[in-house]
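What follows is a set of notes on a single structure, which appears directly below.
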Amino acid sequence: MVRCLALNASFEPITMVPVRRALRLVIDGKAEIVEADADRLVRSERLALPRPAVIRLNKFVHVPRRFRRQVTNTFLFARDGYRCQFCGRTQAVLKPRECLTRDHIVPFSRGGTDAWTNVVTACSTCNARKGNHLPEELGMFPMTPPAEPHFVHLAWAVRRLTPTQARYIRLFYGPQVLAELTARV
Ligand SMILES: [Zn+2]
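The structure is reproduced here in structure tokens:
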């Protein structure tokens, strides 16, 4: 389902909201439409408005940053583009019995940790093959050396943004942070 990107009054991207909720904010005078799908009308009571793709709140709201530094698989897979870092296959081309997993570069059993720099996305087959070996023991090195992602990447990579919406994330945070993200939308 297409959702609407909500910007703070400062243009900081805040969250994704359902289109109905976005329209309600606009009708109540709490937000303005920044980008809309002109060829898609949404009827609400007596009004017919273009479907909002990006809205901006009229008043600035303080948004607490609840950024979890902990690695979750959702964010780990997003950081790695949903691609096994050993064989390069994406989630879409895995066989029915395979799945994406978390692989520890230095295995737990050998003192490895759950830090961003020690974990990569691996398909279950590559993960099983690597077992509790170090990369140099098997010649299995990740395609991209694992690093802690920028919080913006974490926050937005897992949401489904349209190219128009992604443009507003890029405008606010700068092109470099989201170069990877926008390449995928
Ligand atoms: Zn693999």
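Using the working numbering, the first residue of the sequence shown is number 708, and each one after it goes up by one. Using N, Cα and C, we set each Cβ at its ideal position, and we do this for glycine too. All values derive from a computational prediction rather than experimental measurement.
In the DSSP assignment, Ile-721 falls within the unbroken beta strand (DSSP E) covering 720-725. Excluding its 5 nearest sequence neighbours in each direction, Asn-715 has C-beta neighbours in its own chain below 8 Å: Ile-721, Arg-763, Leu-764, Phe-767, Val-768, Val-770, listed in chain order.
By alpha-carbon distance to Pro-757, the top candidate from Asn-780, Arg-731, Thr-808, Gly-795 is Arg-731. Residue state for Leu-841 is assigned as coil, using DSSP reduced to three classes.
Put simply, the backbone Cα of Cys-791 is about 9 Å away from that of Thr-808.
Selection around ligand 1 by beta-carbon proximity, strictly under 6 Å to any non-hydrogen atom, yields Cys-791, Phe-793, Cys-794, Arg-796, Ala-829, Cys-830, Thr-832, Cys-833 in chain order.
The continuous alpha helix (DSSP H) containing Arg-877 extends over residues 870-880. Per DSSP, Arg-804 lies in no beta strand (DSSP E) segment and is marked neither H nor E.
By the Cβ criterion, the region 782-797 is not in contact with the region 734-746, since fewer than three pairs of Cβ atoms, one from each stretch, lie closer than 8 Å.
For Val-800, the number of other beta carbons within 10 angstroms of its own is below 16, and it is reported as exposed. By the criterion of a C-beta distance shorter than 6 Å, Phe-848 is surrounded in its chain by Pro-842, once the five residues flanking it on both sides are discounted. The three-state secondary structure of Ile-734, taken from DSSP, is helix. DSSP links Glu-752 through a beta bridge to no other residue.
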